[in-house]
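Engineer:
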Amino acid sequence: MGQGAPPMSQALKQKVDAEIKRIVDEQYQRGMALLRDNMYLLDTLAKTLMEEEKVSGEQLMKMINQAAAEGKLVMGNSKMAVAAYAGE
Numbered sequence: 001m002g003q004g005a006p007p008m009s010q011a012l013k014q015k016v017d018a019e020i021k022r023i024v025d026e027q028y029q030r031g032m033a034l035l036r037d038n039m040y041l042l043d044t045l046a047k048t049l050m051e052e053e054k055v056s057g058e059q060l061m062k063m064i065n066q067a068a069a070e071g072k073l074v075m076g077n078s079k080m081a082v083a084a085y086a087g088e
């Protein structure tokens, strides 16, 4: 029957926990930097939401594409997935 994960030493558990924390912290910092660097886009989104109360996926993609076309979209140094609006 299923016996779960094999036993791990306390030292190995601590190493795993430390690595997980490092990865999570690194990605949190990356996410915060992307938000700060793209504040222009967040402000545009917030203004649109205040005026219209909702934003469609198509509208959001247009905002992102416009920011990219104007050279204002900051994507960082890492590879990023690119999404396209496929309709509702």
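With the UniProt record's numbering, letter number 19 in the sequence shown gets 19, and the count goes up by one each step, no holes.
All residues carry an ideal CB built from backbone N, CA and C; glycine is no exception.
CA-CA distance, tyrosine 40 and methionine 75?
Structural biologist: Rounded to whole angstroms, the gap between the alpha carbons of tyrosine 40 and methionine 75 is 13 Å.
Engineer: If we ignore side chains and look at the alpha-carbon of each, how far apart do glutamate 53 and methionine 63 end up?
Structural biologist: 16 Å
Engineer: Under 8 Å: do the stretch 43-52 and the stretch 10-28 share three or more Cβ pairs, one atom per stretch?
Structural biologist: They do not touch, by the three-pair rule.
Engineer: Which residue comes first and which comes last in the alpha helix (DSSP H) that contains asparagine 65?
Structural biologist: DSSP places asparagine 65 inside the alpha helix (DSSP H), whose first and last residues are 57-69.
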